[in-house]
Amino acid sequence: MWELSHIFFHMPINKTKWYAWRHIHTLPQSIARHWQLRELRFQLRQAYSNVPFYRQLLDKKGVHPDDVRSFDDIQKLPIINKGLMRKVPVSELVNKTLPLWAYNWTETSGSTGEPFRFPTSRPFYFYKHFGCPKRIARYYRLLSVGAIHTRTRTADVYVDRFLLWRGFSFGHISRKFRFADIRTVNRPRGRHFLHVPVSDVREHPTAVIEKLTKFQPDVVSGRVTTLIELAQRMNEFGTAPLNIPFITSVGEMTTEAQKNYLAKAFGAEVYDRYGLEELGDVAIECREHNGMHIHEESDIVEIVDDRDSPVSPGAPGRVVVTNLCNYSVPFIRYDTGDRGKILPGKCPCGIPARRLIIYGRLGAFLEVGGKKYQFPEFAAIVASFSDIILRSQVVKLPDNTIELRIIPARKVSEKDIQLITETFKKQLSLTPRIILVEKIPFNASGKTQFLRDEGRPI
Numbered sequence: 182m183w184e185l186s187h188i189f190f191h192m193p194i195n196k197t198k199w200y201a202w203r204h205i206h207t208l209p210q211s212i213a214r215h216w217q218l219r220e221l222r223f224q225l226r227q228a229y230s231n232v233p234f235y236r237q238l239l240d241k242k243g244v245h246p247d248d249v250r251s252f253d254d255i256q257k258l259p260i261i262n263k264g265l266m267r268k269v270p271v272s273e274l275v276n277k278t279l280p281l282w283a284y285n286w287t288e289t290s291g292s293t294g295e296p297f298r299f300p301t302s303r304p305f306y307f308y309k310h311f312g313c314p315k316r317i318a319r320y321y322r323l324l325s326v327g328a329i330h331t332r333t334r335t336a337d338v339y340v341d342r343f344l345l346w347r348g349f350s351f352g353h354i355s356r357k358f359r360f361a362d363i364r365t366v367n368r369p370r371g372r373h374f375l376h377v378p379v380s381d382v383r384e385h386p387t388a389v390i391e392k393l394t395k396f397q398p399d400v401v402s403g404r405v406t407t408l409i410e411l412a413q414r415m416n417e418f419g420t421a422p423l424n425i426p427f428i429t430s431v432g433e434m435t436t437e438a439q440k441n442y443l444a445k446a447f448g449a450e451v452y453d454r455y456g457l458e459e460l461g462d463v464a465i466e467c468r469e470h471n472g473m474h475i476h477e478e479s480d481i482v483e484i485v486d487d488r489d490s491p492v493s494p495g496a497p498g499r500v501v502v503t504n505l506c507n508y509s510v511p512f513i514r515y516d517t518g519d520r521g522k523i524l525p526g527k528c529p530c531g532i533p534a535r536r537l538i539i540y541g542r543l544g545a546f547l548e549v550g551g552k553k554y555q556f557p558e559f560a561a562i563v564a565s566f567s568d569i570i571l572r573s574q575v576v577k578l579p580d581n582t583i584e585l586r587i588i589p590a591r592k593v594s595e596k597d598i599q600l601i602t603e604t605f606k607k608q609l610s611l612t613p614r615i616i617l618v619e620k621i622p623f624n625a626s627g628k629t630q631f632l633r634d635e636g637r638p639i
């Protein structure tokens, strides 16, 4: 008989391992590396034995899980991506020891125009959203008998671990903190959580402001696009700052101007988080706000070049992530489609976990005059004017010209416009028409479509 315990075979239950899992990001890098290699080797053996996709992939590469004996040996493993996984039947992606009912279907937001639909196991769903194996098992068992655990919000301590770094105790966060989440899909987590649908920010902003005012959250999480949209509505209505202590922005890059704007509107300190629908949360800022500390206990993050080779320390490249907690639908050396770098040296905050900087999404592009211009090229120019640009969108018009739509962070002069135009011309040989706007639409998941091709036939 298939038992529920099989679904948790990969989860830490030993007290010593549980302690290590909770604290690995605060321990020296040598210990973190030892932990990661140990977990990776175990995961590789499980994937090779139980997931047909990985057995075929490793056999084709001529690599056996036992060949990975050191961190350098990770380079022997092939890098995968969503394009490769799309070509494989679902039955070959999932762990064959789990029954079909153990899986849910989820989908990425499709920011590059190509949503990725994939199965995720129920235990990984709870890991991804609640971040804590011990709580996952407890919560899942309670759900299985129809109970509702109103304190599952405590697991978010490990997602929003900057709160621990700020000096708040686990118990205080667990018992006292209130969390609000602005997102498309509701994740019921008890009375100390407030879910705000993204569509409500667009259609019922007054009601959203009233909800937040009444609920008085300590932490609000959402896409920066959605948060700025709400902040703009608050300014229009003359709403006083809500005095929310902390905001976490996830799913989009955040500029300094955006952080300052949100801090003023909400009275909050803004923290960047990095994660993907496929992997869950991967990294989060500390109070230094200079790079995001990687969740070393759960993820191995690499930066590689276009030939899949490691870049030199501090150099930019493709962000490749191995999740160490998902044995059901493994993501081993997964190309995220993002470009970034790992900062060299230690963070002044004292946390030894490495720091990640994300530059932007690879894959998205606009084709103008027979040339392809990539997302990071546009994003780098826009980021250099973060004191001027609050939100923006680069649009290819039907006449094959480029228009840069800007929601300004301050009053924009003719000199500012001229400087932006000259920078585009110098770096990309493009001369965009610059338009100042009050609104830029966001999609169903709350993101801005940064590159938009209005010249593409429908």
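In our numbering, the protein residues as written are 182 to 639. Glycine included, C-beta positions come from ideal geometry on N, C-alpha and C. All values reported here derive from a predicted model rather than from experimental measurement.
{"Check": "Could you pull the start and end residues of the beta strand (DSSP E) that Phe559 belongs to?", "Outcome": "Counting along the chain, Phe559 falls outside any beta strand (DSSP E), though it belongs to the alpha helix (DSSP H) covering 556-564."}
{"Check": "Per DSSP, what are the beta-bridge partners of Ile588 in this structure?", "Outcome": "Arg572"}
{"Check": "Please classify Ala438: is it buried, with 16 or more other beta-carbons within 10 angstroms of its beta-carbon, or exposed?", "Outcome": "buried"}
{"Check": "Since Arg614 is in the beta strand (DSSP E), which residue starts that stretch and which ends it?", "Outcome": "614-617"}
{"Check": "At the 7 Å Cβ level, is Val485 part of the contact set with chain D, yes or no?", "Outcome": "As a matter of chain content, chain D is missing from the structure shown, which is built from one protein chain."}
{"Check": "Please report the distance separating the alpha-carbon of Val593 from that of Val340.", "Outcome": "38 Å"}
{"Check": "Nearest-angstrom Cα distance between Ile205 and Ile260?", "Outcome": "25 Å"}
{"Check": "Give me the residue from His376, Leu258, Glu458 with the minimum Cα distance to Gln692.", "Outcome": "This structure leaves residue 692 out entirely; the chain is present only between 182 and 639."}
{"Check": "Exposed or buried, what is Val618 when buried is set at 16 or more other beta-carbons lying within 10 Å of its beta-carbon?", "Outcome": "exposed"}
{"Check": "For Arg372, which of helix, strand or coil comes out of DSSP?", "Outcome": "coil"}
{"Check": "Per DSSP, which one or two residues make a beta bridge with His474?", "Outcome": "Ile465, Arg536"}
{"Check": "Are Gly403 and Ile363 touching if we call contact CB-CB under 7 Å?", "Outcome": "yes"}
{"Check": "Is it true that the CB of Val500 sits closer than 7 Å to the CB of Pro491?", "Outcome": "no"}
{"Check": "Per DSSP, what kind of secondary structure is Ser509 in: helix, strand or coil?", "Outcome": "coil"}
{"Check": "Pull up the DSSP beta-bridge partners for Arg499, would you.", "Outcome": "Val485, Arg520"}
{"Check": "Any idea what DSSP makes of Glu384, helix, strand or coil?", "Outcome": "helix"}
{"Check": "Grab me the residues of Val549's own chain with a C-beta within less than 7 Å of its C-beta, minus the 5 sequence neighbours each way, in chain order.", "Outcome": "Lys577, Asn581, Ile583, Leu611"}
{"Check": "Should Phe427 and Val400 be called a contact, given that it needs their Cβ atoms to be closer than 7 Å?", "Outcome": "yes"}
{"Check": "Which residues bound the beta strand (DSSP E) around Tyr455?", "Outcome": "450-457"}
{"Check": "Once DSSP output is grouped into helix, strand and coil, what is the label at Gly541?", "Outcome": "strand"}
{"Check": "Beta strand (DSSP E) containing Ala362: first to last residue?", "Outcome": "The question names Ala, but residue 362 is Asp in the sequence shown. Segment 360-364, the beta strand (DSSP E) holding Asp362."}
{"Check": "With a threshold of 16 other CB atoms inside 10 Å of the CB of Gly551, please say whether the residue is buried or exposed.", "Outcome": "exposed"}
{"Check": "Mapping DSSP to helix, strand and coil, what is Val377?", "Outcome": "strand"}
{"Check": "Between Gln630 and Asp248, what straight-line distance do the alpha-carbon atoms span, to the nearest angstrom?", "Outcome": "43 Å"}
{"Check": "Here's a check: name, in chain order, each residue in its chain whose Cβ is nearer than 6 Å to the Cβ of Leu258, leaving out the five neighbours to either side.", "Outcome": "Arg514"}
{"Check": "Where Phe343 and Asn471 are concerned, what is the direct C-alpha to C-alpha distance, given to the nearest angstrom?", "Outcome": "13 Å"}
{"Check": "Where does Val389 sit, in a helix, a strand or coil, going by DSSP?", "Outcome": "helix"}
{"Check": "Looking only at C-alpha atoms, which of Asp634, Ile621, Asn424, Phe447 sits nearest to Phe128?", "Outcome": "Lying before the first or after the last residue shown, residue 128 is absent from the chain, which here runs from 182 to 639."}
{"Check": "Within 10 Å of its beta-carbon, does Asp519 have 16 or more other beta-carbons around it, so buried, or fewer, so exposed?", "Outcome": "buried"}
{"Check": "So, helix, strand or coil for Asp341, using DSSP?", "Outcome": "coil"}
{"Check": "Excluding five sequence neighbours on each side, which residues of the same chain lie with their C-beta closer than 7 Å to the C-beta of Gly456?", "Outcome": "Val431, Asp462, Val463"}
{"Check": "According to DSSP, is Thr429 part of a helix, a strand, or is it coil?", "Outcome": "strand"}
{"Check": "Considering only the alpha carbon of each residue, which of Lys553, Ile621, Val379 lies closest to Leu609?", "Outcome": "Lys553"}
{"Check": "Would the beta-carbon of Lys522 fall within 7 Å of that of Ile538?", "Outcome": "yes"}
{"Check": "Which word fits Phe559, buried or exposed, when buried means at least 16 other C-beta atoms lie within 10 angstroms of its C-beta?", "Outcome": "buried"}
{"Check": "Output yes or no for whether 7 Å exceeds the beta carbon distance between Ile615 and Arg572.", "Outcome": "no"}
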